[in-house]
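Asker: Per my numbering, the very first residue in the sequence shown carries number 94; after that it's consecutive. Beta carbons are placed, not taken as given, at the ideal position from N, Cα and C, and that holds for glycine. Owing to the predicted nature of the structure, the values given are computational and were not obtained by experimental measurement. Starting off with a structure, shown below.
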Amino acid sequence: MILKKLQLTNFRCFKELSVELHPRLNVFVGNNGKGKTAILDGIAVGLGAVLTHLPEIKGINFRSNDRWQDEKMKQAPYVRVMLETTAGIRWDRTEKRDQSKQTQQEIPQDKKLGELHQFLEETINGIQADLPTKLPVLVYYGTDRASRSSLSNSVPRDFKKTFNRFKALEDAIKPSSRVDFMLERFAFQEDIERREKENREDLGYR
């Protein structure tokens with residue numbers, strides 16, 4: 094999954110923004126407070142729909158302060174993020190300011206998530222059937238990604254014994270590290286290696 098286009102409407106500092114993305118590399122340069130992080134967070138919100146549709150995974154959603162505000166602090170009637178991939182898959186996420194009919198009338202027609210879900214259904218079914226299937230690669234490295242804030246005070250001894258492929262994307266677009274999950278994964282792999290050594294009666298096996 095390679096993103097081709099991002100469109101933000103009433104998202105934070107942007108009343109309207111459309112960005113054509115390069116398939117290999119994109120670099121955003123600007124002064125502080127000009128919206129570089131808003132662009133990345135907008136992409137993360139859009140990709141949150143991908144994670145939310147996968148089994149046992151929850152993606153991020155809009156926050157209350159994501160809606161654009163005018164000089165009088167009045168919020169826009171809605172906020173929307175639209176993403177399009179190089180394969181032509183297009184979807185958007187929209188959140189209304191409130192549930193009133195007047196607000197609803199101010200919101201243009203949305204694309205919704207149909208095309209995205211159709212693409213993901215094929216991926217989900219392939220993985221559940223244990224077929225060779227590619228998962229989208231999604232990751233958001235924030236400025237505090239290297240912090241150890243997610244590491245528990247005491248290292249748990251009851252590590253998880255099973256992992257599915259979908260879990261690899263859990264919290265992938267949250268700009269923070271997942272040290273506990275990494276430790277559990279390492280312990281899981283070491284346990285597999287230990288059992289294989291015992292079965293082979295070969296302590297040098299790796």
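In whole angstroms, what is the alpha-carbon distance linking Asn257 and Ala222?
Answerer: Rounded to whole angstroms, Asn257 to Ala222 spans 13 angstroms at the Cα level.
Asker: Can you give the Cα-Cα distance for Gln132 and Gln282, rounded to whole angstroms?
Answerer: One point to set straight first is that residue 132 is Ile, not Gln, in the sequence displayed. Roughly 37 angstroms between the two C-alpha positions.
Asker: What is the DSSP secondary structure of Asp284, counted as helix, strand or coil?
Answerer: If DSSP states are grouped into helix, strand and coil, Asp284 belongs with the helices.
Asker: Which of helix, strand or coil does DSSP assign to Leu244?
Answerer: Any answer about Leu244 is weak, because its pLDDT of 48 lies below 50 and its placement is not dependable; what the coordinates show is given next. Coil.
Asker: Quick check on the DSSP output: what are the complete beta strand (DSSP E) runs of length 3 or more inside the stretch 145-184, in order along the chain?
Answerer: Entirely contained in the stretch 145-184, the beta strand (DSSP E) runs reaching 3 residues are, in chain order, 171-178.
Asker: Rounded C-beta distance between Leu140 and Gly152? I'm assuming under 8 angstroms.
Answerer: The Cβ separation is near 7 angstroms, so the contact holds.
Asker: Could you check the C-alpha separation between Gln202 and Thr187 for me, to the nearest Å?
Answerer: Distance between the alpha carbons of Gln202 and Thr187 is about 10 angstroms.
Asker: What separation, rounded to the nearest whole angstrom, lies between the Cα atoms of Glu113 and Asn124?
Answerer: One C-alpha to the other measures close to 20 angstroms.
Asker: Starting from Thr216, trace the alpha helix (DSSP H) both ways and give me its first and last residue.
Answerer: First-last of the alpha helix (DSSP H) with Thr216: 207-221.
Asker: DSSP on Thr130, reduced to helix/strand/coil?
Answerer: Thr130 falls in the helix class under three-state DSSP.
Asker: Phe259 and Ile150: beta carbons closer than 8 angstroms?
Answerer: Cβ atoms of Phe259 and Ile150: closer than 8 angstroms.
Asker: If you compare alpha carbons, which of Trp184, Tyr171, Pro268 is closest to Ser193?
Answerer: Among Trp184, Tyr171, Pro268, the Cα nearest to that of Ser193 is on Tyr171.
Asker: Just verifying my parser: in three-state terms, what is the DSSP assignment at Glu294?
Answerer: Residue state, collapsed to three classes: coil.
Asker: According to DSSP, is Lys194 helix, strand or coil?
Answerer: Reduced to three states, the DSSP call for Lys194 is helix.
Asker: Can you tell me which of Asn218, Ala265, Phe107 puts its alpha carbon nearest to the alpha carbon of Gly126?
Answerer: For Gly126, the nearest C-alpha among the options comes from Phe107.
Asker: Have a look at Arg287, Thr226, Lys204 and flag the residue whose alpha-carbon is nearest the alpha-carbon of Glu61.
Answerer: With the chain running from 94 to 299 in the structure shown, residue 61 is simply not present.
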